[in-house]
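In this note's numbering, the protein residues as written are -11 to 214.
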Amino acid sequence: MNKLPIIAIGGSAGGLDCLAAVLKDLSPEIPAAILGVIHIGAHEIDLPDYFGGSSALPVGYAKDGEPIAAARVFLAPPDRHLIVEQGHLHLGRGPKENHTRPAIDPLFRSAAGSYGPLVIGAILTGFLTDGTAGLWEVKRRGGIAIVQDPDDAEVPSMPLSALRQVKVDHCVPIAELGPLLNRLAAETVKTASQVALFKRGRGRSRHGLHGRNSNRPDLPRLWRCP
């Protein structure tokens, strides 16, 4: 399965306007799937309608079993955790985490487990510490960790918590986050393609370009053993 980058974003108090600003700045051709969690609890709020007016990307609530696709925004619906599992999204009613469902940690944790270094996690404004443990897992699995600059956040608790516990890669104001995500998504795709090409090359070097018993001496340097 060819995997694409995952941009996982989580926010709480003040997060609606922040996420709307980020989505507005994302390229309609961004080569990544955008997965979002806002602390809405069980309240029936039409987030796709709220964000759809500010984004050039299709925005919708995630559906259980839905395939992940690039250049789309998938949001956690009310009272459901958003879980990533090998190319698909799942919705769960497991226990609340950090006093809330949907919560940010299950999204970050499951994305990191399935997509490793292809995950870009971003924590926005909010109370308490949701997202910190998940962002730590994103970083541990080789992904990129981002937090909103606490001085730019309406409620700085979540960004500050992440900064204390995680060695983040970027700490930026909301005005800079959308352009940063566009750049990181493109760079992640390029890096993943180079790694895949290298791995294919190593596999071919083991068995030869023309079969398992090939002894051709003119293999490109990339495919030669040291």
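Glycine is no exception: its CB is placed at the ideal position from the N, C-alpha and C atoms.
What you are looking at is a predicted structure, and each value in this text was computed from that prediction instead of being measured.
For GLU73, the enclosing beta strand (DSSP E) has its first and last residue at 69 to 73. In the DSSP secondary-structure assignment, GLY48 is bridged to PHE62. Within its own chain, the residues whose Cβ lies closer than 7 angstroms to the Cβ of CYS159, once the five positions on either side in sequence are excluded, are VAL135, ASP137 and LEU151, listed in chain order.
PRO167 carries a helical assignment under DSSP once its states are collapsed to helix, strand and coil. Under the DSSP assignment, ILE92 falls in the alpha helix (DSSP H) whose first and last residues are 92 to 103. Inclusion of VAL154 and THR176 in the CB contact set at 8 angstroms is not warranted, their separation being larger than that value.
LEU11: member of the alpha helix (DSSP H) spanning 3 to 13, first to last residue. A Cβ-Cβ distance of about 14 angstroms is found for the pair LEU63 and PRO94, leaving them out of contact under the 8 angstroms criterion.
Using a C-beta cut-off of 8 angstroms, the region 51 to 59 makes no contact with the region 85 to 94, since fewer than three inter-stretch Cβ pairs fall below that distance. Here LEU169 has ILE(-5) as same chain residues with Cβ atoms under 6 angstroms from its own Cβ, once five neighbours each way along the sequence are excluded. For GLY40, the closest of VAL126, ILE92, ASP5 and GLU73 by C-alpha to C-alpha distance is ASP5. In the three-state reduction of the DSSP assignment, GLU85 falls in the strand class.
Every unbroken stretch of the beta strand (DSSP E) spanning 3 or more residues and falling wholly within the region 129 to 177 is given here in chain order: 132 to 136 and 158 to 160.
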